[in-house]
Amino acid sequence: MSTQQPFIYREPAPILDKENPFESMMQRFDVAAHLLNLEPGVYEYLKTPVRQIIVSIPIAMDNGEVKVFEGFRVIHNDILGPSKGGIRYAPDVSLDEMKALAAWMTWKCAIMNIPFGGAKGGVRCDPSRLSPLQLEKITRRYTSNLIDTFGPDRDVPAPDMNTNEQIMAWVMDTYSMHMRKTEPAVVTGKPLLLGGSLGRREATGRGCMISALSAMEKLGMKPKDTTVVVQGFGNVGSITAQLLREQGCRIIGVGDVSGAFYNKKGIDIEKALEWVRTNRTLAGFPGAEAIDQDALLELECDVLVPAAKEDQITHRNAGKIKAKIIVEGANGPTTAKADPILQEKGILVVPDILANAGGVTVSYFEWVQDRVGYFWSLDRVNSRLERMMKEAFHSVFVTADKYKVSLRIGAYILAIDKVARTLKLRGIYA
Ligand code: GLU
């Protein structure tokens, strides 16, 4: 640290002009809980996060100044097993967002039949303004602050928005240093060299592709006659687009933070990926026409994949969406107020807690491989993922049909019922 007087800096709290994500989650939870006739005590139990931790992360910046960042970890539920969920780095990370995302992880793991509970963590920071050294310090301090929370049998983090394999490697190393032994199973989404799994990086996109194909099959749509629009060109959006293209679909629209792009004849996804590899974003991509960001979601298409962030489909634009199927690659891209509008229009929505569950499913495979110390082939990972995604899609479909509700409410019913039944068996310890 420099000799200059350090000052304390806090990232400002975010101004939330979006619908509260926890409220959005709870509105769906309430509908499902009501249909399940959940007892009031169980309702209270399942809606309340088990632990909500806020940590302060003081970091000496590269010039010696001290900045204090705020970090969060919310464990929503651990009835099914150790809690599981990503860590995100973003300027608008808030406790309410973590609570919603942690609850979604609980429901996601329950739907997928994975023996994990749900958690989510994050640090309020702008990673685009941080050097690799600052990112490493934030990650290590965040991990050491949560050293008693994390653990292969307690709480297992993973990548999420703006976090990657390198960050998971630092989490693993910090935890291992504290424990005085190498402990790969404490975190998933690691580099292969540290006990990561083949297929983990592509898993969320692959799961979205499988969900999209399952939904298309239900509506009798053939991939070669299907047009697709993907919002978000990061790990989830770009892989979904690439894999759907491989299945024969025509990707007519893509977008990222820099803008949206349209090509009626179909976008060459390999070229778009190549462009992003050299230019960081899609800005200036010559293979398509630049269009308005808002217009992307409203394009005439068969399948829309919102794979960017929360609150993209709201009561303001839901009425203008023309897709027949929406496959939610992101967590919470549709607000609760938009749900009835989409349902009214007859759009089949494959909800986030099902559509993007491929990531946590292969995280589970990674955790299993780390604990056994025996690593699977890519074929084994992908075929097991496909089987589990299809089984989960089927269960959600059957549940929705039984209760005459949307796939989203069907997914909540399936998940809440499973967690509630497990709670009944375990009983309340007092
Ligand atoms: N962050 C991912 C999600 O939201 C993956 C979580 C995990 O693998 O634990 O599903």
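Counting in this note's numbering, the sequence shown tops out at residue 491, every number present.
For each residue, glycine too, the CB sits at the ideal point set by N, CA and C.
Every value quoted in this text rests on a predicted model; they were computed, and no experiment measured them.
Straight across, the Cα-Cα distance linking E131 with R149 is about 12 Å. S424 has its CB nearer than 8 Å to a heavy atom of the ligand GLU. V366 is bridged by DSSP to V291. Residues of the same chain with a CB within less than 6 Å of the CB of A476, apart from the 5 flanking positions on each side, are W168, A171 and I172 in chain order.
In this structure the segment 271-286 does not lie against the segment 374-384, because fewer than three pairs of beta carbons, one per stretch, are closer than 8 Å. Here G309 is exposed. Its C-beta has fewer than 16 other C-beta atoms within 10 Å.
With respect to S155, R185 sits close: the two C-beta atoms are nearer than 9 Å.
Sequence-distant partners of D123 (beyond 5 residues in either direction) whose C-beta falls short of 8 Å from its own C-beta, in its chain, are S192, L194 and Q195. With a cutoff of 8 Å, D478 does not count as near the ligand GLU, since its C-beta is closer than that to no heavy atom of the ligand. With a cutoff of 8 Å, K169 counts as near the ligand GLU, since its C-beta is closer than that to a heavy atom of the ligand. DSSP places Y323 in the strand class (E or B) of the three-state scheme.
In this structure, the C-beta of P367 stays at least 8 Å away from each heavy atom of the ligand GLU.
Within the segment 381-444, the complete alpha helix (DSSP H) segments at least 4 residues long are 400-405, 413-416 and 419-433, listed from N- to C-terminus.
In this structure, G268 keeps its C-beta atom at 9 Å or more from the C-beta atom of A164. If one requires a minimum length of 4 residues, the alpha helix (DSSP H) runs lying completely within the segment 185-253 are 193-206 and 226-240, in chain order.
Remark: C-beta atoms of D317 and G295 approach each other more closely than 9 Å.
In the three-state reduction of the DSSP assignment, D317 falls in the strand class, which pools E and B. In its chain, beyond the 5 residues on either side, K251, P252 and L255 have a beta carbon closer than 7 Å to the beta carbon of A230. Annotation: the continuous beta strand (DSSP E) that includes H137 extends over V127 to N138.
If only complete runs of 4 or more residues are kept, the segment 82-169 shows the alpha helix (DSSP H) at 82-97 and 101-108, in order along the chain. The segment 379-398 makes no contact with the segment 208-215, as fewer than three CB pairs between them are under 8 Å. For A349, the three-state secondary structure derived from DSSP is coil.
Three or more beta-carbon pairs separated by less than 8 Å are not found between the segment 335-345 and the segment 353-362, which leaves the two stretches without contact. Residues of the same chain with a CB within less than 8 Å of the CB of N443, apart from the 5 flanking positions on each side, are G260 and R267 in chain order. Note: I374 is bridge-paired with T395 in the DSSP secondary-structure output. At least one heavy atom of the ligand GLU sits closer than 8 Å to the Cβ of A219.
Rounded to the nearest whole angstrom, the CA to CA distance from K463 to D413 is 20 Å.
For the pair I408 and K385, the Cα-to-Cα distance works out to about 5 Å. DSSP, read as helix, strand or coil, puts I175 in coil. The C-beta of Y203 has 16 or more other C-beta atoms within 10 Å across all chains shown, which makes the residue buried. M222 counts as buried, since at least 16 other C-beta atoms from the protein chains shown sit within 10 angstroms of its C-beta. When DSSP reads this structure, A180 sits in a beta bridge with I136.
The continuous stretches of alpha helix (DSSP H) do not include G260, and DSSP gives it neither H nor E. N392 has its Cβ nearer than 8 Å to a heavy atom of the ligand GLU. Under a 10 Å Cβ-count criterion, D216 is classified as buried, with 16 or more other Cβ atoms of the shown protein chains found around its own Cβ.
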